[in-house]
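Per my numbering, the sequence shown starts with residue 132, numbered consecutively. Note that beta-carbon positions come from the ideal geometry of N, C-alpha and C, so glycine has one too. To keep things clear, I will list the structure first and then write my remarks on it.
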Amino acid sequence: MTTFRDLHRPGDPFILANAWDAGSAKMLAAMGAQAIATSSAAHAFTLGRADGLGVTRDEALAHAQSIVAATPLPVQGDFENGWGDDPDTVADTVRLAVEAGLAGICIEDIRLPGSEAYDADLATQRIKAAASAARALPRDFVLTGRADGIMTGAYDIDEAICRLQAFEAAGADCLYAPLPKSMDDVARICASVTAPVNVLVAGPVYTAQTRTAFGQLGAARLSLGSALARATHRVIHDAANQMFGDGDFSALGQSISGDTVDALLAAKGL
Numbered sequence: 132m133t134t135f136r137d138l139h140r141p142g143d144p145f146i147l148a149n150a151w152d153a154g155s156a157k158m159l160a161a162m163g164a165q166a167i168a169t170s171s172a173a174h175a176f177t178l179g180r181a182d183g184l185g186v187t188r189d190e191a192l193a194h195a196q197s198i199v200a201a202t203p204l205p206v207q208g209d210f211e212n213g214w215g216d217d218p219d220t221v222a223d224t225v226r227l228a229v230e231a232g233l234a235g236i237c238i239e240d241i242r243l244p245g246s247e248a249y250d251a252d253l254a255t256q257r258i259k260a261a262a263s264a265a266r267a268l269p270r271d272f273v274l275t276g277r278a279d280g281i282m283t284g285a286y287d288i289d290e291a292i293c294r295l296q297a298f299e300a301a302g303a304d305c306l307y308a309p310l311p312k313s314m315d316d317v318a319r320i321c322a323s324v325t326a327p328v329n330v331l332v333a334g335p336v337y338t339a340q341t342r343t344a345f346g347q348l349g350a351a352r353l354s355l356g357s358a359l360a361r362a363t364h365r366v367i368h369d370a371a372n373q374m375f376g377d378g379d380f381s382a383l384g385q386s387i388s389g390d391t392v393d394a395l396l397a398a399k400g401l
């Protein structure tokens, strides 16, 4: 049996498909996903809220349980900063995550809901506490340490690499610095650590690439974040503009058939 950990092969990245409800998880599984992840932003959108601790820990855990129940695939939780600044709270979040049936979670180094990064030492202590909690669990659990400062503007790639190296030494199983400026930076990140590296496929630089191209740089995992959910919202946005602006319903003619959706949701083996 292939485990969530087994999927992480540097140079042969799998797509970690971020879903936002049971239906999207089932569709993604039916179409070939090997693992599913939640997305904090996409989940918040479904509740009419903004990202950045727009969802409570209890809400995120309940949401994760619904995704876990939807398919037999391993599911990772996008658990932001762990809903607390102190290491003990992050460790508690790890323990609650495994109770929810998750195969892993990622933990960010940003003091949400703002964009300020935790001090590097505190950020590392938070990952160390999470890793210690994960190692004490009754089953395997993949902890991803996230250095989000490039994406938020809190620090540069040099600092991100230093943090990722510290997270690896603290026990993180996978490493993740969302949206560095270039593919060359992705290659540099992958070469700087020995643990598997996740790359976020979002924005023009990365959505223009292929899975093969990411693999050639050493990536082990490709996540979508809220990109797929936002693509869905783009359809709503554009169709609504046409309907309410010009009385034009033609965009609705491009929709997928209900029979196709029903078949994917009822796919055998899911």
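The residue among ALA301, THR341 and ALA351 with its C-alpha nearest the C-alpha of ILE320 is ALA351. If you draw a straight line from the Cα of HIS139 to the Cα of ALA326, it is about 9 Å long. Distance from the Cα of ALA234 is smallest, within the candidate group ARG180, ASP377, THR133 and ARG342, for THR133. Between VAL221 and ARG277, the CB-CB gap reaches or exceeds 8 Å.
Here ILE198 is near ALA150, since their CB atoms are less than 8 Å apart. Apart from the 5 residues on each side of it in sequence, ALA333 sits with its Cβ closer than 6 Å to the Cβ of GLY356 and ALA358 in its chain, given in chain order. Boundaries of the beta strand (DSSP E) around THR275: 273-277. In chain order, CYS321, PRO327, VAL328, GLY349, ALA350 and ALA351 place their CB closer than 8 Å to the CB of PRO141, counting only its own chain and leaving out the 5 sequence neighbours on each side. Under a 10 Å Cβ-count criterion, ARG266 is classified as exposed, with fewer than 16 other Cβ atoms of the shown protein chains found around its own Cβ. Residue range 206-209 is occupied by the beta strand (DSSP E) that includes GLN207, with no alpha helix (DSSP H) assigned at that position. Counting C-beta pairs with one atom in each stretch, the region 209-226 and the region 165-184 have three or more that are closer than 8 Å, which means they touch. Looking at the DSSP output, ASN329 shares a beta bridge with TYR307 and ARG352. Look at ILE387 here: in three-state DSSP terms it is coil, with no helix or strand label. For GLY235, the enclosing beta strand (DSSP E) stretches over residues 235-238. In terms of CA proximity to ALA370, LEU383 leads the group ASP390, LEU383, ALA201 and ALA260. Distance from the CA of PRO309 to the CA of ALA181, rounded to the nearest whole angstrom, comes to 19 Å. Per DSSP, LEU253 lies in no beta strand (DSSP E); the unbroken alpha helix (DSSP H) holding it starts and ends at 251-266. Judged by DSSP secondary structure, PHE176 falls within the alpha helix (DSSP H) whose first and last residues are 171-177. With a cutoff of 8 Å on beta-carbon distance, ILE146 and ALA173 are scored as not near each other. Nearest neighbour of ALA301 by Cα position, chosen from ASP287, VAL324, ARG136 and LYS312, turns out to be VAL324.
Nearest Cα to ARG188 within the set ALA228, PHE135 and ALA156: ALA228.
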